[in-house]
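So the sequence lines, in the order shown, correspond to chains A and B. One gets the numbering used here by counting positions in the first sequence from 1 and adding 6 to each. One gets the numbering used here by counting positions in the second sequence from 1 and adding 111 to each.
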Amino acid sequence: MFRPSLSFGSVAAVALLLATPPAHAESGAQQNALATPALPRPTQLSLRGFDLLATVGWGAHTSTLGDLELAPYGASFGVDLGYSWKSGFRLGGYFFHSLGRSLPQHRDPRLGRSFDYTAEASSSNGGLSLGWGVPLYCFVLRYKLSLGVTAMQWAFHTASPAELGFGDDSSPSLGFHLAPGVALLWPYGKFEGGLGFEYLAQIKDTIPSGFIGTLVVGVRL
Amino acid sequence: MKPGSLSAILTLIASISVSASAQESPQATAAVGTTPETAEVAATPAPGPASTEKPPPSVAAPTVLPAQQTAVHADSDLQSPAQLSTRFSAYTLPAQQWGISAGALGVGDGDVFAVLAVTYGLGAGVQLNMNLAHAGVGMLNIGAGWHFIDTRYFDLGLKSGFWYGHGEWFWIADPLAKKILAKIDVVKVPIELTASSMPTRWLELDLAFQYNWAKLFGAAADEESLFTKGQIGMVQVFMRPGARFFISDNTALELFVKLPFYTAVPVGERNPTLPFKDTWWFEGGLRSRLAHGLYGNIRLNYAAISDVLYGARLYPAFEIEVRP
Numbered sequence: 007m008f009r010p011s012l013s014f015g016s017v018a019a020v021a022l023l024l025a026t027p028p029a030h031a032e033s034g035a036q037q038n039a040l041a042t043p044a045l046p047r048p049t050q051l052s053l054r055g056f057d058l059l060a061t062v063g064w065g066a067h068t069s070t071l072g073d074l075e076l077a078p079y080g081a082s083f084g085v086d087l088g089y090s091w092k093s094g095f096r097l098g099g100y101f102f103h104s105l106g107r108s109l110p111q112h113r114d115p116r117l118g119r120s121f122d123y124t125a126e127a128s129s130s131n132g133g134l135s136l137g138w139g140v141p142l143y144c145f146v147l148r149y150k151l152s153l154g155v156t157a158m159q160w161a162f163h164t165a166s167p168a169e170l171g172f173g174d175d176s177s178p179s180l181g182f183h184l185a186p187g188v189a190l191l192w193p194y195g196k197f198e199g200g201l202g203f204e205y206l207a208q209i210k211d212t213i214p215s216g217f218i219g220t221l222v223v224g225v226r227l
Numbered sequence: 112m113k114p115g116s117l118s119a120i121l122t123l124i125a126s127i128s129v130s131a132s133a134q135e136s137p138q139a140t141a142a143v144g145t146t147p148e149t150a151e152v153a154a155t156p157a158p159g160p161a162s163t164e165k166p167p168p169s170v171a172a173p174t175v176l177p178a179q180q181t182a183v184h185a186d187s188d189l190q191s192p193a194q195l196s197t198r199f200s201a202y203t204l205p206a207q208q209w210g211i212s213a214g215a216l217g218v219g220d221g222d223v224f225a226v227l228a229v230t231y232g233l234g235a236g237v238q239l240n241m242n243l244a245h246a247g248v249g250m251l252n253i254g255a256g257w258h259f260i261d262t263r264y265f266d267l268g269l270k271s272g273f274w275y276g277h278g279e280w281f282w283i284a285d286p287l288a289k290k291i292l293a294k295i296d297v298v299k300v301p302i303e304l305t306a307s308s309m310p311t312r313w314l315e316l317d318l319a320f321q322y323n324w325a326k327l328f329g330a331a332a333d334e335e336s337l338f339t340k341g342q343i344g345m346v347q348v349f350m351r352p353g354a355r356f357f358i359s360d361n362t363a364l365e366l367f368v369k370l371p372f373y374t375a376v377p378v379g380e381r382n383p384t385l386p387f388k389d390t391w392w393f394e395g396g397l398r399s400r401l402a403h404g405l406y407g408n409i410r411l412n413y414a415a416i417s418d419v420l421y422g423a424r425l426y427p428a429f430e431i432e433v434r435p
């Protein structure tokens with residue numbers, strides 16, 4: 007709630023406002039920037055150096071393959087190694103394995119008998135990532151764009167891939183992924199930890215895309 | 112009077128002096144957004160609770176500080192004219208400012224699939240832009256914006272454009288889709304009126320109303336074509352409210368929702384309409400200044416159109432923007 011205050015600071019601030027000549031030349035947006043105090047500037051954090059991070063997380067698939075639902079993400083764990091330059095730019099590599107889940111399903115085709123089956127899937131993912139760390143108070147907000155390969159292991163118990171319209175692909179299915187993501191990291195000495203997410207946009211049709219939330223813990227070298 | 116108060120008054124006088132000289136100096140004025148290192152101006156209270164509850168340290172500091180230390184880099188935050196986001200806002204690029212954006216996986220019709228956009232500020236609040244990525248796949252796409260009401264708390268902008276898609280040029284489509292698209296041409300003219308307001312240092316509110324006129328030409332035009340699935344070739348009226356929370360001087364959280372009132376596929380005389388549930392979308396994202404003149408943007412969209420375009424209702428999009 008807005009509560010006017012008559013403290014010296016407020017009076018001085020009003021005096022300063024009145025004493026400031028109007029900015030005729032600036033646009034409204036420029037006036038906005040000039041006439042009001044800026045947001046707090048983040049403290050200077052050293053971004054340069056190697057970091058080695060362990061990642062644990064949980065992922066969920068966001069797409070299905072027609073009527074077939076595969077869950078190759080679930081509990082995930084892996085590593086992320088990278089080097090950050092002073093500017094914040096980071097080049098890294100990553101690998102993580104997702105245990106996936108088994109999903110019991112039912113299929114009622116137009117022709118033939120209906121049947122139950124279980125779709126089991128897990129995945130291994132690895133690749134290179136480009137990142138950029140932005141100081142945010144005592145944290146580092148790291149934008150990431152990863153390009154890598156997914157190997158999805160799958161099995162359909164009591165059903166054949168052809169019956170499920172999975173084509174003639176064999177396990178593991180290999181495909182490229184593009185994975186934008188963000189992590190909020192807290193650097194503390196040589197320690198670094200934080201939370202983030204990645205979205206694995208899968209290029210190959212038979213591998214579902216997925217959203218993975220991660221907890222990262224590691225060291226800065 | 113306490114000694115601290117005397118110090119504060121001296122600080123205040125120094126700040127006024129710096130402020131006045133900054134206002135009077137053309138270099139300082141022109142420096143906004145162009146040379147952030149040199150354009151330091153004094154602080155005055157902002158509207159909103161943050162400034163009323165906690166006066167700026169430059170004013171309330173009980174000890175004498177150099178004027179340079181009391182100044183703030185007001186020009187170096189994301190609300191300064193050179194750094195404002197022109198996406199979904201009333202704002203346009205400053206005069207003689209180039210902007211080059213590259214990104215992918217968007218769902219908005221200006222950035223659907225991919226973005227490689229070039230924007231140039233002509234001055235007087237006018238900018239021109241073109242998405243080369245769309246042009247590269249057979250969809251000519253030029254636009255213009257005019258930021259015509261520019262006040263302290265309220266801004267209004269008009270954006271429009273011209274789209275022409277020739278199906279035969281749409282090489283990115285799979286063979287079957289390309290065969291269908293080859294006989295289709297699409298013309299689209301979006302007209303958007305956007306109001307933007309910055310009531311406080313940490314908040315920007317945007318509200319857009321847009322009308323898209325579109326027409327599909329061709330022997331095999333139908334509502335299942337990629338042009339219509341991508342909402343590129345649809346007649347549509349919608350509003351798009353949104354908010355940006357400036358959580359620091361270099362990062363903003365952005366939230367937008369598209370609420371269509373009317374969506375129709377302009378096919379022959381029928382013009383079948385699409386329900387709201389298939390056309391609304393929500394996006395949440397982060398925009399940061401990565402370095403001087405370099406901005407990063409990552410968004411998550413939740414929309415039926417994402418399902419059509421990418422096979423999932425929840426989908427990410429990302430963009431890098433360079434303003435040299």
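A virtual CB, placed ideally from N, CA and C, is assigned to each residue, including glycine. These numbers come from a predicted model, not from an experiment.
Going by Cα to Cα distance, which pick from B:S271, B:G278 and B:T362 is closest to Q71 of chain B? The question about residue 71 of chain B has no answer, for chain B in this structure spans 112 to 435.
Discussion item. Tell me which residues of the stretch 178–192 of chain A have at least one Cβ-Cβ distance to chain B shorter than 7 Å, keeping chain order.
Written reply: P186 and V188
| query | Is the stretch 175–191 of chain A in contact with the stretch 210–222 of chain A, if contact means three or more CB pairs nearer than 8 Å? | reply | yes
task = Can you tell me which of the three DSSP states L314 of chain B falls into?
result = Within the second sequence, the letter at position 203 stands for residue 314 of chain B. Looking at L314 of chain B - three-state DSSP - the assignment turns out to be strand.
Quick check: A319 of chain B and R355 of chain B, are their CB atoms within less than 8 Å of each other?
Position 208 of the second sequence, counted from the start, is the residue given in the question as residue 319 of chain B. Position 244 of the second sequence, counted from the start, is the residue given in the question as residue 355 of chain B. In this structure, R355 of chain B does not lie closer than 8 Å to A319 of chain B by Cβ.
Within the stretch 96–145 of chain A, ranges of the beta strand (DSSP E) (whole runs, at least 3 residues): If we require 3 residues or more, the beta strand (DSSP E) runs fully inside the stretch 96–145 of chain A come out as 121–142.
Q.
Given the structure, does I253 of chain B come close to the ligand FAD, in the sense that its CB is under 7 Å from one of the ligand's heavy atoms?
A. As for the ligand FAD, it is missing from this structure, which has no ligand bound.
Whole-angstrom C-beta distance between G171 of chain A and L53 of chain A, which should lie under 8 Å: Looking up residue 53 of chain A in the first sequence gives position 47. Looking up residue 171 of chain A in the first sequence gives position 165. L53 of chain A to G171 of chain A, Cβ: 48 Å. No contact.
#### Entry: Length of the line joining the Cα atoms of K196 of chain A and G276 of chain B
By 1-based counting over the first sequence, the position of residue 196 of chain A is 190. By 1-based counting over the second sequence, the position of residue 276 of chain B is 165. A straight-line Cα-Cα distance of about 54 Å links K196 of chain A and G276 of chain B.
(Q) So that I know if they touch, is there some Cβ in chain B lying closer than 8 Å to that of S69 of chain A? (A) Position 63 of the first sequence, counted from the start, is the residue given in the question as residue 69 of chain A. Yes, contact with chain B.
Would you report the Cα separation of S196 of chain B and T203 of chain B, rounded to the nearest angstrom? Stepping through the second sequence from its first residue, residue 196 of chain B is reached at position 85. Stepping through the second sequence from its first residue, residue 203 of chain B is reached at position 92. Each residue's alpha carbon lies about 8 Å from the other.
I'd like to confirm the pairing. Which residues does DSSP put opposite D437 of chain B in its beta bridges?
Not covered by the structure: residue 437 of chain B. The range shown for chain B is 112 to 435.
Test: T362 of chain B CB closer than 8 Å to a CB of chain A:
Sequence index remark: in the second sequence, residue 362 of chain B carries index 251 (1-based). Yes, T362 of chain B lies at the interface with chain A (some Cβ there is under 8 Å from its Cβ).
Please state the DSSP three-state secondary structure of E430 of chain B. The residue labelled residue 430 of chain B in the question sits at position 319 within the second sequence. DSSP places E430 of chain B in strand when its eight states are reduced to three.
* Asked: For H277 of chain B, which of helix, strand or coil comes out of DSSP?
  -> Counting from 1 along the second sequence, the entry for residue 277 of chain B is found at position 166. If DSSP states are grouped into helix, strand and coil, H277 of chain B belongs with the strands.
| request: Look at the Cβ atom of L105 of chain A, then the Cβ atom of A81 of chain A, and state whether they are nearer than 8 Å. | output: If you number the first sequence from 1, residue 105 of chain A lands on position 99. If you number the first sequence from 1, residue 81 of chain A lands on position 75. It is a contact, given that the beta carbons lie within the stated cut-off.
Near-chain B residues of the stretch 194–219 of chain A - C-beta to any C-beta below 7 Å
Answer set for the stretch 194–219 of chain A: Y205, A207, S215 and F217.
Notebook entry, point to check: Does the stretch 121–135 of chain A come close enough to the stretch 78–93 of chain A to have 3 or more Cβ pairs within less than 8 Å?
Noted result: Output reads yes: the stretch 78–93 of chain A touches the stretch 121–135 of chain A.
For W160 of chain A, collect the residues of the same chain with a Cβ closer than 6 Å to its Cβ; drop the 5 residues on either side in sequence, then sort them by chain order.
-> The count along the first sequence starts at 1 and reaches residue 160 of chain A at position 154. Contacts found: A127 and S177.
On a CA-only basis, which of B:Q347, B:V226, B:L269 and B:A235 is nearest L251 of chain B? Give me that one, please.
Walking along the second sequence from the start, residue 251 of chain B turns up at place 140. Checked all of B:Q347, B:V226, B:L269 and B:A235; the closest Cα to L251 of chain B is B:V226.
### Task
Reducing DSSP to helix, strand and coil, say where I416 of chain B ends up.
Numbered from its first residue, the second sequence carries residue 416 of chain B at position 305. In the structure shown, I416 of chain B sits in a helix (DSSP, three-state: H, G or I).
| request: Check each candidate in A:L71, A:S152, A:F102 and A:R113 and name the one with the smallest Cα separation from A165 of chain A. | output: Sequence index remark: in the first sequence, residue 165 of chain A carries index 159 (1-based). When C-alpha distances from A165 of chain A are compared across A:L71, A:S152, A:F102 and A:R113, the shortest belongs to A:R113.
For L58 of chain A, which option in A:P115, A:E204 and A:L191 has the closest C-alpha, if you only look at C-alpha atoms? Against the first sequence, residue 58 of chain A aligns to sequence position 52. Of the candidates A:P115, A:E204 and A:L191, the one whose C-alpha sits nearest the C-alpha of L58 of chain A is A:L191.
- Query: Expressed to the nearest angstrom, what Euclidean distance is found between the alpha-carbon atoms of V218 of chain B and S417 of chain B?
  - Reply: Residue mapping note: residue 218 of chain B aligns to position 107 of the second sequence, counting from 1. Residue mapping note: residue 417 of chain B aligns to position 306 of the second sequence, counting from 1. Rounded to whole angstroms, V218 of chain B to S417 of chain B spans 6 Å at the Cα level.
Can you give me the C-alpha to C-alpha distance between V348 of chain B and A325 of chain B, rounded to a whole angstrom? Along the second sequence, one-based indexing puts residue 348 of chain B at 237. Along the second sequence, one-based indexing puts residue 325 of chain B at 214. Each residue's Cα considered, the two are about 11 Å apart.
Would you give the residue range spanned by the beta strand (DSSP E) that L227 of chain B belongs to? The residue you call residue 227 of chain B lines up with position 116 of the second sequence. Looking at the DSSP string, the run of the beta strand (DSSP E) that includes L227 of chain B is A225 to G234.
Where do the N-terminal and C-terminal ends of the beta strand (DSSP E) with L71 of chain A fall, by residue?
-> If you number the first sequence from 1, residue 71 of chain A lands on position 65. Where L71 of chain A is concerned, there is no enclosing beta strand (DSSP E), given that its DSSP letter is neither H nor E.
At a CB distance below 7 Å, what residues from the stretch 137–155 of chain A approach chain B? Give them in sequence order. Answer set for the stretch 137–155 of chain A: W138, V140, L142, Y143, L147, Y149 and L151.
**Request:** Would you tell me roughly how many angstroms separate the C-alpha atoms of T149 of chain B and R398 of chain B, rounded to the nearest one?
**Result:** Along the second sequence, one-based indexing puts residue 149 of chain B at 38. Along the second sequence, one-based indexing puts residue 398 of chain B at 287. With a pLDDT of 35 at T149 of chain B, under the threshold of 50, the modelled position of this residue cannot be trusted, and the question is left open.
For the stretch 67–99 of chain A, which residues have a beta carbon sitting closer than 7 Å to at least one beta carbon of chain B? Residues of the stretch 67–99 of chain A whose Cβ lies closer than 7 Å to any Cβ of chain B, in chain order: T68, S69, S93 and G94.
query = How far does the beta strand (DSSP E) with L53 of chain A in it reach, from first residue to last?
reply = For the purposes of this step, residue 53 of chain A is identified with residue 47 of the first sequence, where counting begins at 1. Careful: L53 of chain A lies outside any beta strand (DSSP E) and carries neither H nor E.
Nearest-angstrom Cα separation, counted from A193 of chain B out to G63 of chain A
What you label residue 63 of chain A is simply residue 57 of the first sequence in a count that begins at 1. What you label residue 193 of chain B is simply residue 82 of the second sequence in a count that begins at 1. Each residue's alpha carbon lies about 39 Å from the other.
Inter-residue spacing [alpha-carbon to alpha-carbon] between F145 of chain A and S152 of chain A
Looking up residue 145 of chain A in the first sequence gives position 139. Looking up residue 152 of chain A in the first sequence gives position 146. Their backbone Cα atoms lie some 21 Å apart in a straight line.
Measure the beta-carbon distance from G84 of chain A to F101 of chain A and round it to whole angstroms, keeping in mind my assumption that it falls under 8 Å.
Translated into the one-based positions of the first sequence, residue 84 of chain A becomes position 78. Translated into the one-based positions of the first sequence, residue 101 of chain A becomes position 95. Indeed, because the Cβ distance is near 5 Å, the residues count as touching under 8 Å.
Which listed residue (B:V223, B:V248, B:I358 and B:R198) has its alpha carbon closest to that of T230 of chain B: Along the second sequence, read from residue 1 onward, the residue named residue 230 of chain B stands at position 119. Considering only alpha carbons, the answer is B:R198.
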